[in-house]
Amino acid sequence: MVDTVRGCVLLLDGTPDRRRGVLPNPTAHAVAGAHPRRFLAADAVDVVQLPAVEGPQSALAYLQHAAAVPGPLLVWVTGRLMVPARRGGELHLALPGSTPATVRYTGLPWAWLLRTLQAHAGPVLLMADLEADTAAWPHVVSGAGSGELAQGVPLFGVVNPVPPVPAREAGPYTRALLEALRTGDPHAGPALDVPAVHRRALLAADPGPDTVPLQWGTPGPVLANVAAAARPHPQPEPRSAYGPALSREPAPLQPAASPRQPEPAPVRPPDPVPAPAAAPVPAPAQDDLLPGILAAAHAGRHNEAAAMAAAAEQQALRRYGPDSPEAGLWIEVRADLARMAGDHSRAAELWMTAAAARLGRSGPADGEALAALKRAHYCWQHSGDQAPLLAPALLALWERVPGGEGAAGHIRTRLQEAEENAPPTVAY
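If you read the sequence shown in UniProt numbering, its first letter stands for residue 1, the second for the next number, and so on.
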């Protein structure tokens with residue numbers, strides 16, 4: 001039996017200001033939309049996207065969770081580097097709400113990121129397309145030259161000065177790198193030569209004189225070569241779908257409301273978004289697991305139901321592949337389970353993942369993609385304090401479908417209201 005190689009891709013966006021036209025970081029959005037799962041040289045891949053993680057401890061917890069996966073680990077970092085205004089000198093990756101006055105408490109110290117990746121047992125690669133403010137720039141230039149920015153972790157990418165006007169499209173290095181990963185190298189083996197791919201991306205991006213390239217270390221087999229002959233897919237040993245959850249994602253939050261409580265009517269946006277219909281039912285060929293899962297959820301055993309659905313999703317991933325409709329259906333089941341448990345923010349995230357996958361497979365004309373997006377919008381309306389953090393990704397999805405202007409306008413209105421009602425930021 002061929003052992004299954006499990007890896008992880010973690011997308012960490014360090015964009016401090018989420019108010020700029022209520023659009024997400026375009027570089028981070030491009031990476032997330034490129035289906036990064038297929039870029040990792042592993043049979044099974046967990047993808048963790050952190051577009052708006054709150055606080056350094058939360059970011060560190062996700063990093064440690066990803067580093068615990070024994071196979072290849074790809075961490076792709078975008079956003080801004082800062083140093084604290086007081087007691088400056090240590091680079092931090094900005095997180096939502098970070099400013100030079102607060103980044104010491106609100107940002108992720110770059111050293112924490114490196115230490116976590118150093119502890120990873122398997123091959124690891126840190127990709128970066130970052131910008132640095134004026135105070136951080138000397139530390140970036142010095143660290144890039146001395147290797148302090150890597151500290152033994154294979155690091156490839158670029159750092160640019162903060163542009164005078166926020167970018168409206170992904171950075172040229174990321175665009176070129178994604179194109180290189182999409183096409184692969186027909187003359188190479190199953191794993192790409194990372195330094196060669198990096199040089200190819202730099203050549204295509206043609207960066208300006210202020211760009212600082214990052215190239216440190218010799219990574220192992222992390223990046224998959226899509227142009228190489230496919231490796232025979234391993235057949236997993238039979239496993240009960242009612243066993244422990246195989247998902248590497250954090251467990252759903254405890255339910256905020258009883259599943260027997262009726263859902264409140266959604267606030268209707270200018271383009272009405274109806275309440276979600278029931279989640280699509282996976283094919284009966286997958287052991288007809290859904291009735292047992294739904295029975296557990298209706299009985300209030302939400303963690304048990306989520307674990308069974310996650311296990312079924314992993315079986316579908318192994319059997320059909322990460323981009324398959326079969327695997328996508330289980331994401332939708334998990335989304336509906338989260339809604340039943342009262343965890344609307346988690347449900348919105350999963351429905352957005354499902355909608356993005358359907359859009360990637362079938363395009364904006366797919367009615368099921370639109371249905372998944374409407375369910376995501378419905379759950380987003382009930383996600384409370386998490387709504388502003390989820391809004392940029394939801395907005396980006398609505399802008400990809402015809403007739404989504406009304407829903408997109410509703411999101412912008414909600415964001416503007418949240419910004420106007422937010423308490424003033426206190427600088428320390």
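Just so it is clear, CB atoms sit at the ideal spot from N, CA and C, and this is done for glycine as well.
| Item | Value |
| --- | --- |
| What are the residues that DSSP puts in a beta bridge with residue 160? | 131 |
| Restricting to Cα atoms, I'd like to know which of 401, 64, 99, 69 is closest to residue 5. | 69 |
| Between the C-alpha atoms of residue 336 and residue 294, what's the straight-line distance to the nearest angstrom? | 10 angstroms |
| Residue 46 lies in the beta strand (DSSP E); which residues open and close that run? | 44-50 |
| Would residue 66 pass as a contact of residue 48 if the rule is Cβ separation under 8 angstroms? | yes |
| On a Cα-Cα basis, can you pick out the residue from 182, 190, 318, 381 that is closest to residue 201? | 182 |
| If you follow the beta strand (DSSP E) that residue 78 is part of, which residue opens it and which one closes it? | 73-82 |
| What runs of the alpha helix (DSSP H), each 4 residues or longer, lie entirely inside the region 165-232? | 172-183, 194-205 |
| Let me make sure I understand the geometry here. Which of 157, 79, 398, 375 has the alpha-carbon closest to that of residue 217? | 157 |
| Under 8 angstroms, do residue 45 and residue 9 count as touching if we go by C-beta distance? | yes |
| For the candidate residues 36, 72, 117, whose alpha-carbon lies nearest to that of residue 62? | 117 |
| Can you pull the DSSP bridge partners for residue 8? | 46, 73 |
| Return the CA-CA distance between residue 94 and residue 166, expressed in angstroms with no decimal places. | 15 angstroms |
| Note down, one range per segment and in chain order, each alpha helix (DSSP H) of at least 4 residues found wholly within the region 92-134. | 103-106, 110-118 |
| Tell me the DSSP secondary structure of residue 13 in three-state form. | strand |
| Thinking just about the alpha-carbon of each residue, which of 174, 318, 419, 333 is nearest to the one in residue 305? | 333 |
| How long is the line joining the alpha carbons of residue 11 and residue 289, rounded to whole angstroms? | 31 angstroms |
| Can you give me the Cβ contacts of residue 299 inside the same chain, cut-off strictly under 8 angstroms, excluding the 5 residues immediately before and after it? | none |
| Since residue 309 is in the alpha helix (DSSP H), which residue starts that stretch and which ends it? | 302-320 |
| What's the C-alpha gap between residue 394 and residue 308? | 27 angstroms |
| Take residue 25 and list the residues in its own chain whose beta-carbon comes closer than 7 angstroms to its own, dropping the five residues that flank it on each side. | 13, 15, 78, 79 |
| Using the Cβ count rule (16 or more neighbours within 10 Å means buried), how would you classify residue 146? | exposed |
| Straight-line CA distance for residue 345 to residue 411? | 15 angstroms |
| For residue 96 and residue 198, what's the separation of their Cα atoms in angstroms? | 29 angstroms |
| Do residue 222 and residue 40 have their C-beta atoms within less than 8 angstroms of each other? | yes |
| What residues in its chain sit with their C-beta under 7 angstroms from that of residue 32, if we drop five residues either side in the sequence? | 11, 49 |
| Smallest Cα separation from residue 155: which of 174, 195, 98? | 195 |
| Which residues in the same chain as residue 37 place their Cβ atom closer than 8 angstroms to its Cβ, once the five residues preceding and following it in sequence are excluded? | 9, 45, 47, 322, 323 |
| Hey, would you say the C-beta of residue 371 is under 7 angstroms away from at least one heavy atom of the ligand NAP? | The ligand NAP is not among the ligands present in this structure, which contains no ligands whatsoever. |
| At the level of alpha carbons, what is the spacing between residue 392 and residue 82? | 23 angstroms |
| Is it buried or exposed, residue 57, if we count other Cβ atoms within 10 angstroms and call 16 or more buried? | exposed |
| Buried or exposed for residue 72, please, with buried defined as at least 16 other CB atoms from any protein chain shown within 10 angstroms of its CB. | buried |
| Is residue 373 helix, strand or coil when you go by DSSP? | helix |
| Per DSSP, which residues does residue 155 bridge with? Please list them. | 126, 216 |
| Less than 8 angstroms between the beta carbons of residue 376 and residue 352, yes or no? | yes |
| Would you mind giving the Cβ-Cβ distance between residue 397 and residue 356, rounded to the nearest angstrom? I have them listed as a contact below 8 angstroms. | 6 angstroms |
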